[in-house]
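Let me begin by presenting the structure, written as structure tokens, before commenting on it.
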Amino acid sequence: MIIRDGHVLMVRERGRGPSGRHDGHEYWTLPGGGIEPGETAEQAVLREVAEEAGLAGRSVRHLYDAPHPAGWTSCFAVEVGPGEPRLGVDPGLDCDCPRMTGLSWVPLPRSSASGGLMVPVLLMATPDGPPGVAS
Numbered sequence: 095m096i097i098r099d100g101h102v103l104m105v106r107e108r109g110r111g112p113s114g115r116h117d118g119h120e121y122w123t124l125p126g127g128g129i130e131p132g133e134t135a136e137q138a139v140l141r142e143v144a145e146e147a148g149l150a151g152r153s154v155r156h157l158y159d160a161p162h163p164a165g166w167t168s169c170f171a172v173e174v175g176p177g178e179p180r181l182g183v184d185p186g187l188d189c190d191c192p193r194m195t196g197l198s199w200v201p202l203p204r205s206s207a208s209g210g211l212m213v214p215v216l217l218m219a220t221p222d223g224p225p226g227v228a229s
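Note that our numbering has the sequence shown beginning at 95, numbered continuously upward.
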């Protein structure tokens, strides 16, 4: 999870369609991916942020673990250096079709009680619009 100026960075991805290519349903997700052999979770987070968003991570902090359709997943807070994100590529794909189709800074809601930002437990995407936030 990369947060800057009250916004979280999200990646728009395309799932596999009936053809087996990434031409199926589009959805929004946090930048991320799997751990490669010999990597720690923190090293994998920094690599994925660089690959998917073109940003250099400065620090990584574990936030929580949550169930995911592919198994348990971990969410990390990542502090990044200056610069604007740029859409990257996924070198681990077994096809030549693009899986990632866009990046967007999505505003986080503010807590009326504390005035601070509320970091969601779950980020949910709607089929036709930008991601919404659920806590």
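Here a beta-carbon is modelled for each residue, glycine too, at the ideal position from N, C-alpha and C.
Tell me which same chain residues have a C-beta within less than 7 Å of the C-beta of residue i, skipping the five on either side of it?
| i | result |
| --- | --- |
| V154 | E136, V139, L140, F170 and V172 |
| H101 | W199, V200, P201 and L202 |
| G40 | Here the chain covers residues 95 to 229 and nothing more, so residue 40 does not appear. |
Per the DSSP calculation, residue i is bridged to which residue(s)?
| i | result |
| --- | --- |
| I97 | V102 |
| R155 | A171 |
| G162 | The residue you asked about is not Gly; residue 162 is His in the sequence shown. Beta-bridge pairing links H162 to G165. |
Please determine, among the options, the residue with the shortest C-alpha to C-alpha distance to residue i.
| i | options | result |
| --- | --- | --- |
| G175 | I129, V183, G182 and R152 | R152 |
| A147 | W166, G196, P203 and R180 | R180 |
| G109 | T195, R204 and W166 | T195 |
| I129 | P161, T167, R98 and R115 | T167 |
Using beta-carbon positions only, say whether residue i and residue j come within less than 8 Å of one another.
| i | j | result |
| --- | --- | --- |
| L103 | P125 | yes |
| E107 | R193 | yes |
| V105 | T123 | yes |
| E142 | G118 | no |
| M95 | L157 | yes |
Skipping 5 residues on each side, what residues in its chain have a beta carbon closer than 8 Å to that of residue i?
| i | result |
| --- | --- |
| G182 | A144, E145, E146, A147, G148 and M194 |
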